[in-house]
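Q:
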Amino acid sequence: MWALIIVVLVLVIALPAVGATIYFNLYNRLVALKNDVDNAFSTIDVMLKKRTDLIPNLVAVAKTYMESEQATLTQIAELRSQARSGQLSSQERLQVENKISRAIGNFMIAVEAYPDLKANTQFMQLQRALNEVEEQISAARRFYNSAVTEYNTSIEMFPTILIATQLRYTPRTLFEAAEEDRRNVDVRALLQ
Amino acid sequence: MGTSAGDRQGVWDEAQAAELFRRGEKLIQQQHTDRAIRAFENYLRRQDPDINRHHRGLMLLATAYRDQGQLDRACAITLSLLDATEDPEIEDWAVPFLDTVTPPPEEEKAESATEASDPKAIEESDLQASFQPQPLESFRVFARQELAPYLVNLERERKATLRNILISSVIVIAAVVLILYVGLYLVSTFSELSMESPSSRPAVPSLEVISGTATPTPSPEPTQSQPLEPEGRDLSFESISVWLVTLFLGMSTWVFFYSVFFDLYGRDFKSKVIGKIIKFIDPDKRFSYSPRIIFSDTPAALEASTLFGHSIYRVHEDDCVSGKLGKTSVFFSEVLAEDPPRDRGLGRLLINRSYGTHNSKYIFHIIVIISFVKLVFGLPFVLKCVTQGRKLDFTDFWQGTAFRRTRFKGLFFRANFNKSFKQRTVVLPEGNFADDVTRRVTALSQPHGQAIKLEDPQFRQLFRVYGEDQVEARYLLSTSLMDRLVTLRKKLNRPVWVAFVGNQIYLAIRYREDLFEPKLFSRMNRLAPCQEYFETFQTMLQIVDDLNLNRRIWA
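Here's what the structure looks like:
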């Protein structure tokens, strides 16, 4: 008789306690992963901003040497002010940033024809700084993808899927290269 | 340069000098070479009361000048240092150092092409910057011509050394047997005499296990004891202590002979063989080799790398190679880092006790206990060293090397990294390790860092990454670097640790054996050992190119 009461008490008290603990752990983990994703996204933003900050210097140094490339330089400057305007949706912002990457890439290839500019120390420093920023943007994107992968895996696995549907967490998209960037670069076409 | 005696205006006091020196040293370690130069120039404006530290400051300044490309200044300082002192250790450092700061004229032009407007000059300096490995065939030819005559002599020396060791072993065993015989005879005689007095010590359980394994000679006791004596007398404390002390002294004497003969064997091996191999590998003299280095940064570097934890008790360093490839300064050496001794507390306690009591009876007990402990720990250590053909240093052994655990043994490489970064990232080997040194180092390297999951699957199979910043870790470990690390690891085929700390990259590669030492138990007049040395050096020097450390396109 007492045994029965004790068993019932255990079931009534202990089981929900254990269940609640497990639930809270999973919930917290899921929230932490979601915050990781947001954090990673904002670090990409930080690196992109670093790049836009370099652009005015680049344009200023290059202007004096590259008289025949004014069109390219003005295009880059315009794209920069677009990115900084803060009035774009995130989809548009992504497109502008991709355009900036391509424009800078083309610019670097055009620079090959100006040995004086290439030898200018200030320009070389800027080039190094740009390389560093590009690599850091790439690192930030890799971090973002890693965070998103973990997050997506978590909300799709059992039992966290139950908590996720309750919180209405949806899978996020990974950062992917734009279609134009996926095509192999035709260097000859660029150098014409 | 204001380094001649006449220019110094006054003397620093000890605290100022120490502070300035320490600051300069730290800047050197962090690779802020130009600031380090200014700091040392400031330090050298006045005389340091500690003349050794002053010399050391001059050496570091010369090294910093060399790293900045101001070779003429480095040369000038080194020459003035050689003039100022007769210290042979400084000469040992200076002579190979001078080799690296007096390059042929074409090399100077190529090195100053960093800011040149001529793209072709930049290309040339790029070629200069890479290390061209020598093919094995030409090494074979070289070895046959240059090394073979010395090796034939070495082989003769080796056989003589083995003979000497054998003879001394026989002598030691004979002496041990004799002393045991005499000692036990005396013990049993005295115990016979003390049979009249009631003070007889109780029998101690037999420790024959030790005596049985340590010496093959049969116990002389049965012939000594009288048939009427109780059996406990044979196993009395005195006889056991005679065994222990004699065996311990015997082992120590044997170690002494072994270390003396081993030391004499291959005295000039390093200069005749290793030095020549390095010159063959590096005909342009970009690297300097020294078998030993007095003032070495390696202990500080080991700590800075955060791979081996703190408070490394002692570091033995051997075979140091340093130099510069392109813009990368490189240094590597064979390192043995030891933990603090385990028995420190016990030993001190015993010694204090023995001083405390003036009772000679207890001192004797303590001697016996110490002999027992040293025998039990020392014997496996000695056997391990001898079977691995390793050197055994007598003073080290007497001071208790057997009690010190190895924290790391292998090659330790460091270079300044081509990307600048602020936080620490470490790459540790993945997997279950049979070797407990590997396990311990991996455990010691982990603290303060989050696990970083990288994308390359092959990389993940071989390595685990911990770092303080997720984005910076990925910035350092680009996909290309991950690929290169995998290739390097497969080439080396042994555990590798990598640390990115303070703008430097540190690599630790685990080797169980002694590298670059003449072998005692295998024939030395063959090509194979030389080929091993050659390949190890080449692999290490190629790390700069393998990891593309000379690609300096980032800020």
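Residue numbers (my numbering), protein chains in the order written: chain A, 1 to 192; chain B, 1001 to 1555.
A virtual CB, placed ideally from N, CA and C, is assigned to each residue, including glycine.
Note that the structure is a prediction, hence the values are computed from the model and not measured.
Determine, using beta carbons only, whether A1555/B comes closer than 8 Å to chain A.
A: At least one chain A Cβ lies under 8 Å of A1555/B.
Q: For chain A, find out if any of its Cβ atoms is closer than 8 Å to the Cβ of Y1466/B; answer yes or no.
A: Y1466/B does not count as touching chain A.
Q: Report buried or exposed for I6/A, applying the criterion of at least 16 other Cβ atoms within 10 angstroms of its Cβ.
A: Burial call: exposed.
Q: So H1054/B is in the alpha helix (DSSP H); what residue range does that whole segment cover?
A: Taken as a continuous stretch (DSSP letters only), the alpha helix (DSSP H) holding H1054/B covers 1051 to 1068.
Q: According to the neighbour-count rule (16 or more other Cβ atoms, all chains shown, within 10 Å of its Cβ), is Q1224/B buried or exposed?
A: Legend: pLDDT at Q1224/B = 42, less than 50; position of this residue unreliable, value from coordinates given subsequently. Result: buried.
Q: Could you tell me whether the Cβ of N57/A comes closer than 8 Å to any Cβ of chain B?
A: Judged by the 8 Å Cβ criterion, N57/A is not in contact with chain B.
Q: Just how far apart, CA to CA, sit Q1461/B and R172/A?
A: Approximately 27 Å, taken between the alpha carbons.
Q: Going by DSSP in three states, T1306/B sits in which element: helix, strand or coil?
A: Coil.
Q: In chain order, what residues of the same chain have a beta carbon less than 7 Å from the beta carbon of V18/A, not counting five sequence neighbours either side?
A: So no residue of the chain qualifies.
Q: Anything in the segment 1010 to 1042 of chain B with a Cβ closer than 7 Å to a Cβ of chain A? List those residues in chain order, please.
A: Within the segment 1010 to 1042 of chain B, no residue has a Cβ that lies closer than 7 Å to any Cβ of chain A.
Q: For R1407/B, does the three-state DSSP call read helix, strand or coil?
A: Strand, per DSSP.
Q: With H, G and I counted as helix, E and B as strand and the rest as coil, what does DSSP make of N120/A?
A: In the structure shown, N120/A sits in coil (DSSP, three-state: anything other than H, G, I, E or B).
Q: State the beta-bridge partners of Q1047/B as determined by DSSP.
A: Paired residues: V1011/B.
Q: Per DSSP, what kind of secondary structure is A1434/B in: helix, strand or coil?
A: Coil.
Q: Of all the CB atoms in chain B, is at least one closer than 8 Å to the CB of N152/A?
A: No, its Cβ sits nowhere closer than 8 Å to a Cβ of chain B.
Q: Among D1263/B, I1240/B, V1315/B, F1397/B, whose alpha-carbon lies nearest the alpha-carbon of M1251/B?
A: If we check each option's Cα against that of M1251/B, F1397/B comes out closest.
Q: Could you tell me which chain B residues have their CB closer than 7 Å to the CB of T173/A, listed as they occur along the chain?
A: None at all; the shortest Cβ gap to chain B is about 17 Å.
Q: In whole angstroms, what separates the C-alpha of L1154/B from that of F1040/B?
A: If I take the Cα positions, the gap works out to 45 Å.
Q: Taking only beta carbons into account, state which residues of the segment 1468 to 1481 of chain B come closer than 7 Å to chain A, listed in chain order.
A: The residues in question are Q1470, V1471, R1474, Y1475, S1478.
Q: Distance, Cα to Cα, L73/A vs S81/A?
A: C-alpha separation (whole angstroms): 13 Å.
Q: Express the C-alpha separation of E1089/B and I1294/B in angstroms, rounding to a whole number.
A: Their backbone Cα atoms lie some 7 Å apart in a straight line.
Q: My understanding is that V37/A touches A140/A, with C-beta atoms under 8 Å, so please give their C-beta distance in whole angstroms.
A: About 13 Å separates the two Cβ atoms, so there is no contact after all.
Q: If we ignore side chains and look at the alpha-carbon of each, how far apart do S1236/B and I1171/B end up?
A: Spanning the two alpha carbons is a distance of roughly 28 Å.
Q: Under the three-state reduction of DSSP, which class applies to P1291/B: helix, strand or coil?
A: Note: P1291/B maps to coil in three-state DSSP.
Q: Tell me whether the beta-carbon of L1247/B lies closer than 8 Å to the beta-carbon of V1182/B.
A: Cβ atoms of L1247/B and V1182/B: not closer than 8 Å.
Q: For the segment 1446 to 1460 of chain B, which residues have a CB atom closer than 7 Å to at least one CB atom of chain A, in sequence order?
A: Answer in chain order: K1453, E1455.
Q: Compare the Cα-Cα distances from S1480/B to each of E135/A, M157/A, L167/A and report the closest residue.
A: When only C-alpha atoms are compared, the closest one is E135/A.
Q: Measuring straight from C-alpha to C-alpha, what distance separates S1191/B and L1375/B?
A: Computed Cα separation, rounded: 26 Å.
Q: Using a Cβ-Cβ distance under 8 Å, would R128/A count as near chain B?
A: It does; some Cβ of chain B falls within 8 Å.
Q: Pull up the DSSP beta-bridge partners for H1316/B, would you.
A: BP columns for H1316/B point to L1336/B.
Q: Does DSSP put I1509/B in a helix, a strand or coil?
A: Note: I1509/B maps to strand in three-state DSSP.
Q: Secondary structure at L4/A, three-state DSSP: helix, strand or coil?
A: Three-state result, L4/A: helix.
Q: Who are the neighbours of S146/A on chain B, taking C-beta pairs under 7 Å?
A: Result: K1453.
Q: Taking A1499/B as part of the beta strand (DSSP E), name the residues at either end of that continuous run.
A: Segment 1496 to 1501, the beta strand (DSSP E) holding A1499/B.
Q: So, helix, strand or coil for S1422/B, using DSSP?
A: It should be noted that the sequence gives Lys, not Ser, for residue 1422/B. K1422/B: coil per DSSP, three-state reduction.
Q: Chain B partners of F143/A, CB-CB under 8 Å?
A: Near F143/A (Cβ distances below 8 Å), the residues of chain B are Q1470, V1471, R1474.
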